[in-house]
Amino acid sequence: MEGKVISYRRGRHTQNTNQVLIRVEGEREKLMGKEVIWTSKAGKQIKGTVSAPHGNKNVIRAIFEKGLPGQAAGTKVEIK
45 MEGKVISYRR GRHTQNTNQV LIRVEGEREK LMGKEVIWTS KAGKQIKGTV
95 SAPHGNKNVI RAIFEKGLPG QAAGTKVEIK
């Protein structure tokens, strides 16, 4: 399954680059605990896990082991 990185989880003054909001198609309740992989254009992969649903419009929260770069916003991720 694929998803799209919408934005980082953020506060008023800070931005957490390892906590990301992802929009998905279909049921998001089945995705809790699944692995998320973001691949850069150079082929480097950063892995994370789905942690929780977010809001009411098929958005999930994922926590990555490293922070994602700014170029990740708007790109696709793979959910296994």
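Just so we're aligned: the sequence shown equals residues 45 to 124 in this note's numbering. Positions of the beta carbon are idealized from the N, C-alpha and C atoms, including for glycine.
In this structure I123 is buried. Its beta-carbon is surrounded by 16 or more other beta-carbon atoms within 10 angstroms. Within the DSSP bridge table, the entry for E46 names E122 as partners.
At the C-beta level, G92 and I107 come within 8 Å of one another.
In chain order, R53, Q63, L65, S95, A96 and H98 place their CB closer than 7 Å to the CB of R105, counting only its own chain and leaving out the 5 sequence neighbours on each side.
Residue pairing by DSSP places T93 opposite E79 and I107 in a beta bridge.
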